[in-house]
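Reviewing the structure listed below.
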Amino acid sequence: MTATFDCEAAAVFFATLQNGMSLLARDGGGEAALMAVAGSGSPALEGMTRDHRSG
Numbered sequence: 259m260t261a262t263f264d265c266e267a268a269a270v271f272f273a274t275l276q277n278g279m280s281l282l283a284r285d286g287g288g289e290a291a292l293m294a295v296a297g298s299g300s301p302a303l304e305g306m307t308r309d310h311r312s313g
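According to the numbering used here, the sequence shown holds residues 259 to 313 in order.
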């Protein structure tokens with residue numbers, strides 16, 4: 259990652275995603291719902307890192 263990548267924002271995003279998934283699971287969300295949420299994390303990370311890759 260380049261020096262301009264916002265590591266704190268990425269960490270907050272993933273902590274929020276994990277917390278939301280935990281609440282969803284606790285409240286009875288099924289595997290399909292949890293997998294859909296997890297699947298949304300990859301494109302989001304792609305978007306956050308696209309302009310900050312070194313090399």
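Every residue gets a Cβ at the ideal spot worked out from N, C-alpha and C, and that includes glycine.
The continuous stretches of alpha helix (DSSP H) do not include G286, and DSSP gives it neither H nor E. The straight-line gap separating the alpha-carbon atoms of L292 and A273 is approximately 15 Å. M259 carries a coil assignment under DSSP once its states are collapsed to helix, strand and coil. In this structure, the CA atom of R311 is about 32 Å from the CA atom of L281. No Cβ-Cβ contact shorter than 7 Å links V295 with M306.
If the five residues before and after A302 are omitted, its C-beta is found closer than 6 Å to no C-beta atom of its own chain.
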